[in-house]
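Have a look at the structure below before the remarks.
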Amino acid sequence: MASTSRSVSERRLRPIYDALDTFNNKQAIQLADKVLKKDPILAAKALKAIALERLGKRDEGLALLNELKVVGPTDEMTLQAMTHAYRDMDQFDQIPSVYEVAVKHSPLNEELNAHLFMALVRINDPKRQQAVAMQMYKTFKLPRYYLWSAMSLLAQAMLPSNIQAGLSSKMLFPLLEKILEKATNEKLLASEEDLDLYLQAFERQGKHADVLKWLEQPELASLIKSSSARDQRVAEALGSAGRLLEAASKFQALLEAPEHRDQWSFFKLYLKYTFEHAAASPDVATLENAWSFVSKLVAEETAPSAGAGPKVVHRGPFLAQLEFLRLSQQRVSAGLPVASVAASLVELLAAYFARFGAKWCCFDDMRGFVGTLSPDAAKELHEKMLQQVQACPKDAPVATQADCMRQHICTVQLARWMGLHTAMTPEQQRELVADLVSRYHAGLQFGSALKETERQYSDDYALLATLVMLDLHEATGDRSVLYDIIALLQFGVVRSKFNFQFKLFLVQCYVKLGALAPALALYQELETRHVQQDTLSYVISDHLLSCANMAEGVNFHRMVLSYFERAGKELPEMVINAYRHQTFSKVLEFMEFTSRTNRSLQRAIVRCQDAKLRLRTGFNGQISELEEFIRVLPLPVEVLNDLSDNRDHDVMDFWEAEARRPTKEQLETLRAQKIAWVRLSTLTFNTLRFAAASDKARLQSTLEQLQAAVSAIAEQSFAVPSSLRLSQTPANTQQALVHAKIVLEFGKAAQHLQAYVASSGEAAGAAASISDAAASATAFISSVTAAAEAATNAIASTPLPESIGQRFFERAAGQLEVAGDALVFLSAFARVLGDIANAGKKNRKKPTDGSPAISVADLRAPISSAASGFAQLLRSLESQLQANRRNLPAASFASKSLVSSEADVKAAGEKAFTALSQSQRDALENLAEWVGSKRSCAESLSS
Numbered sequence: 043m044a045s046t047s048r049s050v051s052e053r054r055l056r057p058i059y060d061a062l063d064t065f066n067n068k069q070a071i072q073l074a075d076k077v078l079k080k081d082p083i084l085a086a087k088a089l090k091a092i093a094l095e096r097l098g099k100r101d102e103g104l105a106l107l108n109e110l111k112v113v114g115p116t117d118e119m120t121l122q123a124m125t126h127a128y129r130d131m132d133q134f135d136q137i138p139s140v141y142e143v144a145v146k147h148s149p150l151n152e153e154l155n156a157h158l159f160m161a162l163v164r165i166n167d168p169k170r171q172q173a174v175a176m177q178m179y180k181t182f183k184l185p186r187y188y189l190w191s192a193m194s195l196l197a198q199a200m201l202p203s204n205i206q207a208g209l210s211s212k213m214l215f216p217l218l219e220k221i222l223e224k225a226t227n228e229k230l231l232a233s234e235e236d237l238d239l240y241l242q243a244f245e246r247q248g249k250h251a252d253v254l255k256w257l258e259q260p261e262l263a264s265l266i267k268s269s270s271a272r273d274q275r276v277a278e279a280l281g282s283a284g285r286l287l288e289a290a291s292k293f294q295a296l297l298e299a300p301e302h303r304d305q306w307s308f309f310k311l312y313l314k315y316t317f318e319h320a321a322a323s324p325d326v327a328t329l330e331n332a333w334s335f336v337s338k339l340v341a342e343e344t345a346p347s348a349g350a351g352p353k354v355v356h357r358g359p360f361l362a363q364l365e366f367l368r369l370s371q372q373r374v375s376a377g378l379p380v381a382s383v384a385a386s387l388v389e390l391l392a393a394y395f396a397r398f399g400a401k402w403c404c405f406d407d408m409r410g411f412v413g414t415l416s417p418d419a420a421k422e423l424h425e426k427m428l429q430q431v432q433a434c435p436k437d438a439p440v441a442t443q444a445d446c447m448r449q450h451i452c453t454v455q456l457a458r459w460m461g462l463h464t465a466m467t468p469e470q471q472r473e474l475v476a477d478l479v480s481r482y483h484a485g486l487q488f489g490s491a492l493k494e495t496e497r498q499y500s501d502d503y504a505l506l507a508t509l510v511m512l513d514l515h516e517a518t519g520d521r522s523v524l525y526d527i528i529a530l531l532q533f534g535v536v537r538s539k540f541n542f543q544f545k546l547f548l549v550q551c552y553v554k555l556g557a558l559a560p561a562l563a564l565y566q567e568l569e570t571r572h573v574q575q576d577t578l579s580y581v582i583s584d585h586l587l588s589c590a591n592m593a594e595g596v597n598f599h600r601m602v603l604s605y606f607e608r609a610g611k612e613l614p615e616m617v618i619n620a621y622r623h624q625t626f627s628k629v630l631e632f633m634e635f636t637s638r639t640n641r642s643l644q645r646a647i648v649r650c651q652d653a654k655l656r657l658r659t660g661f662n663g664q665i666s667e668l669e670e671f672i673r674v675l676p677l678p679v680e681v682l683n684d685l686s687d688n689r690d691h692d693v694m695d696f697w698e699a700e701a702r703r704p705t706k707e708q709l710e711t712l713r714a715q716k717i718a719w720v721r722l723s724t725l726t727f728n729t730l731r732f733a734a735a736s737d738k739a740r741l742q743s744t745l746e747q748l749q750a751a752v753s754a755i756a757e758q759s760f761a762v763p764s765s766l767r768l769s770q771t772p773a774n775t776q777q778a779l780v781h782a783k784i785v786l787e788f789g790k791a792a793q794h795l796q797a798y799v800a801s802s803g804e805a806a807g808a809a810a811s812i813s814d815a816a817a818s819a820t821a822f823i824s825s826v827t828a829a830a831e832a833a834t835n836a837i838a839s840t841p842l843p844e845s846i847g848q849r850f851f852e853r854a855a856g857q858l859e860v861a862g863d864a865l866v867f868l869s870a871f872a873r874v875l876g877d878i879a880n881a882g883k884k885n886r887k888k889p890t891d892g893s894p895a896i897s898v899a900d901l902r903a904p905i906s907s908a909a910s911g912f913a914q915l916l917r918s919l920e921s922q923l924q925a926n927r928r929n930l931p932a933a934s935f936a937s938k939s940l941v942s943s944e945a946d947v948k949a950a951g952e953k954a955f956t957a958l959s960q961s962q963r964d965a966l967e968n969l970a971e972w973v974g975s976k977r978s979c980a981e982s983l984s985s
């Protein structure tokens with residue numbers, strides 16, 4: 043009978059599901075109402091909640107779900123529909139309580155219990171997960187539920203809060219060990235993933251001896267099906283447990299097998315453990331044995347092929363020789379003896395280049411060893427490599443010439459790694475660029491048969507030329523070099539449509555010139571997906587507020603933030619699937635990835651920027667719009683203490699040596715600058731929100747935090763490393779500081795005015811409140827005027843049109859942003875005064891303490907004066923920006939262009955310059971229009 047009832051319900055609900063699947067939400071609501079009128083099927087109400095959420099009526103949808111929760115449904119259709127609705131509304135924490143009621147009603151329903159467990163995984167509540175899973179094991183006697191409980195306990199032990207409190211080491215890990223020991227005794231472990239859970243419990247505590255103990259048990263070790271994987275796990279555990287010589291012997295046995303000769307990780311750990319074992323003893327016999335072993339492998343690789351076909355030569359043994367010498371140099375520096383080796387590191391590097399220099403991986407293989415050479419040794423190596431490249435005959439077959447080209451590219455890459463390019467004079471750099479560009483065009487012949495999706499073989503020449511030209515631009519300030527880069531790379535994009543490096547460097551050059559539109563177009567061509575919105579979107583977002591392209595900025599923010607919205611729903615499902623399929627080695631990894639995404643610094647930056655951009659473009663002094671806007675804030679300020687910087691600063695190939703790459707300290711400085719900017723912006727919006735809501739307690743707390751943040755940042759100086767070419771400049775943080783100071787004065791004035799309203803003007807406190815409000819208002823109006831004057835001076839002191847570009851927009855547009863927002867606050871302040879004017883008139887009495895009575899009307903005159911002066915400044919700015927737009931010259935090649943000798947490059951450059959010039963003009967026009975709208979607002983306010 044129940045089956046028949048379910049079938050009938052499914053048939054009646056099918057049209058609603060179909061309407062939702064086709065996003066016909068209004069029809070879904072009508073159909074749900076029709077079903078509910080005839081037969082109160084609870085699932086129909088949940089489906090109606092989904093449709094209401096999609097139509098933007100979240101409150102109504104939540105009301106329906108709350109009604110269902112009171113009823114406590116237990117049927118699968120209603121529960122799944124409610125789960126779907128809560129997920130769409132980001133109300134994940136409501137789902138477990140729904141299933142708890144259902145499980146209480148049907149405790150023997152295994153599927154409902156599983157849904158409850160997964161609902162807890164979704165909200166990352168491992169403590170309750172563990173309890174539910176253990177109860178499921180007791181009820182259903184299935185081993186997987188016991189392991190779910192153990193994995194949940196491990197996840198609970200790895201929570202930072204439990205680790206810091208000492209709860210993990212004192213209680214959770216010991217309990218986990220007992221649970222897993224019971225699992226072993228009762229033979230509940232049945233796969234390698236089950237064993238991995240067991241071993242993780244000890245590895246996370248650093249108990250490597252226990253890991254070895256369990257791996258040495260044949261019954262457990264047999265769960266690892268691959269013998270080499272088993273031996274690798276044992277070898278790593280031996281090394282971690284301090285049994286270095288045994289670990290080295292184990293890896294040596296693994297490397298004897300030909301299939302492991304290119305397992306570089308095996309070689310590195312073999313030599314690492316060997317040298318660590320020898321560090322405590324002057325005896326070098328162990329090291330000599332290791333050198334003999336590696337040399338034997340090299341001899342086997344260089345021996346003639348025994349078969350008919352060509353022999354595959356593995357790189358691993360040759361790299362192991364280089365690693366051996368690198369580690370030997372460290373021993374020499376420490377005053378320890380080393381094994382006797384006939385060859386020098388320079389000789390072995392030159393030999394490695396001769397053998398593998400035509401492979402694309404050669405630079406990555408060699409750079410770590412080249413970095414240890416002295417300047418003289420590096421110069422010697424460079425000369426040896428050049429001799430080998432120059433020996434290539436010009437009439438050689440095409441395949442040989444292509445190999446020679448790849449060898450030469452590797453030579454130039456290593457030269458840059460050694461710092462030889464930055465040591466050149468500007469004239470030498472120009473000569474090098476001309477040579478690299480010529481070689482780039484000559485090398486295109488080798489890729490004539492490549493597929494459209496493949497990069498041209500000579501593309502690295504163009505990238506190397508770009509890097510040298512960027513060095514030249516930074517040293518000389520010559521803007522024409524940027525035009526040369528754009529022309530070269532725009533031509534390169536035609537020949538290699540999917541070379542993302544070309545597009546990223548083009549983005550960099552366009553934003554330097556203040557042309558955001560072509561930069562955005564190129565970014566969209568990159569087709570960034572999913573997590574790349576977190577790791578790569580900074581290349582555009584860092585410049586949106588200062589490039590005056592406001593409409594495109596809002597669209598870009600929407601695209602980036604939509605990823606985080608999807609990730610919030612999808613990433614927990616990855617953890618759920620890891621549990622469901624018992625892939626325990628991935629559970630903690632997915633949990634960490636989810637946590638880093640939820641705490642993303644880039645998301646916080648984009649949300650704040652989006653709010654600032656909407657504030658800049660959406661309001662012209664209408665306090666009602668402002669109040670509606672600030673109901674939704676970018677981010678709670680307490681989250682800012684634990685933001686994760688997931689941005690990828692290594693995405694572009696710079697081929698720079700480690701000494702010239704950004705250090706961890708520099709990256710941390712950049713992160714601190716970003717967090718300071720986000721903190722100021724978030725506190726700014728919180729101040730506006732609580733002032734508009736007359737939330738006195740939270741306004742007071744926020745003002746104190748904002749004052750502390752302003753004081754802490756005012757004295758700091760953020761220096762961004764020059765190697766982080768695509769990073770936001772410190773100017774934005776300083777602008778945020780000015781912005782925060784203005785809002786701080788606004789908040790103080792609002793606070794005093796709220797106190798004045800509360801007093802009803804009947805006591806001495808009213809006079810004190812309005813007096814304090816007057817003082818704060820005077821400071822606030824003064825800061826608004828100063829912001830307007832700063833914007834005027836920024837544009838007037840920037841020579842135009844020659845220097846139009848990112849620097850201009852950072853100075854001018856940034857100051858205008860601060861001034862324009864200040865005008866919005868000034869308008870809001872005037873509205874607040876108007877709203878409380880009547881309150882001050884009712885039953886106003888003179889103060890009994892003899893202090894002068896100050897009326898609200900006394901504050902109107904300075905506001906009108908400030909707005910009038912602001913309007914006059916904005917009129918001047920508007921006309922100046924329009925004039926600059928008309929007089930801006932088009933971008934063009936310099937008389938001594940580095941790249942325009944090729945007709946195709948010149949054509950690509952001229953086409954790009956047209957878009958570049960138009961984008962610069964549009965930016966100036968956008969600024970002028972925005973200034974005009976604020977000028978109208980100021981004129982209205984002044985009257």
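The numbering used here applies: residue 43 is where the sequence shown begins, and numbers increase by one. Built from N, CA and C at the ideal position, the CB exists for glycine as well.
Spatial distance of residue i from residue j (CA atoms)
| i | j | result |
| --- | --- | --- |
| Ala322 | Ser375 | 15 Å |
| Leu512 | Glu298 | 48 Å |
| Met592 | Val143 | 49 Å |
| Ser811 | His794 | 5 Å |
| Pro149 | Leu241 | 33 Å |
| Lys180 | Leu121 | 24 Å |
| Phe626 | Arg129 | 25 Å |
| Thr254 | Gln172 | Thr is not the amino acid found at residue 254; the sequence shown has Leu there. Computed Cα separation, rounded: 27 Å. |
| His250 | Leu280 | 8 Å |
| Ser370 | Ser386 | 11 Å |
| Leu257 | Leu712 | 44 Å |
| Leu478 | Leu966 | 36 Å |
| Asp34 | Asn640 | As shown, the chain starts at 43 and ends at 985. That puts residue 34 outside it, with no answer to give. |
| Arg988 | Ala561 | One cannot answer for residue 988 here, as it falls past the ends of the chain, which runs 43 to 985. |
| Asp690 | Tyr482 | 28 Å |
Option nearest residue i by Cα separation, candidates the options
| i | options | result |
| --- | --- | --- |
| Gly248 | Ala750, Ala283 and Leu257 | Ala283 |
| Leu390 | Arg373, Arg53, Phe366 and Val380 | Phe366 |
| Asp406 | Arg170, Asp695 and Asp63 | Asp695 |
| Ala161 | Ile137, Gln259 and Phe635 | Ile137 |
| Lys338 | His319, Pro359, Pro324 and Val720 | Pro359 |
| Tyr34 | Val581, Val648, His623 and Asp584 | As shown, the chain starts at 43 and ends at 985. That puts residue 34 outside it, with no answer to give. |
Delimiting residues of the alpha helix (DSSP H) encompassing residue i
| i | result |
| --- | --- |
| Gly358 | Gly358 to Ser375 |
| Asn67 | Asn67 to Lys80 |
| Ile618 | Met592 to Arg622 |
| Ser961 | Ala945 to Ser984 |
| Thr577 | Gln574 to Thr577 |
| Cys434 | Unbroken run through Cys434: none, as it is neither H nor E. |
Close-in-space but distant-in-sequence residues of the same chain around residue i (CB under 6 Å, 5 per side omitted)
| i | result |
| --- | --- |
| Ala327 | none |
| Val355 | Glu343 |
Own chain, CB closer than 7 Å to residue i, minus 5 neighbours either side, in chain order
| i | result |
| --- | --- |
| Lys628 | Ala620 |
| Leu218 | Ala192, Leu195, Leu196, Ala199 and Ala243 |
| Lys611 | Arg129 |
Beta-bridge pairing of residue i - partner residues as DSSP gives them
| i | result |
| --- | --- |
| Ser642 | Ser686 |
8 Å CB neighbourhood of residue i in its chain, flanking five on each side removed
| i | result |
| --- | --- |
| Ala392 | Leu423, Lys426, Met427 and Gln430 |
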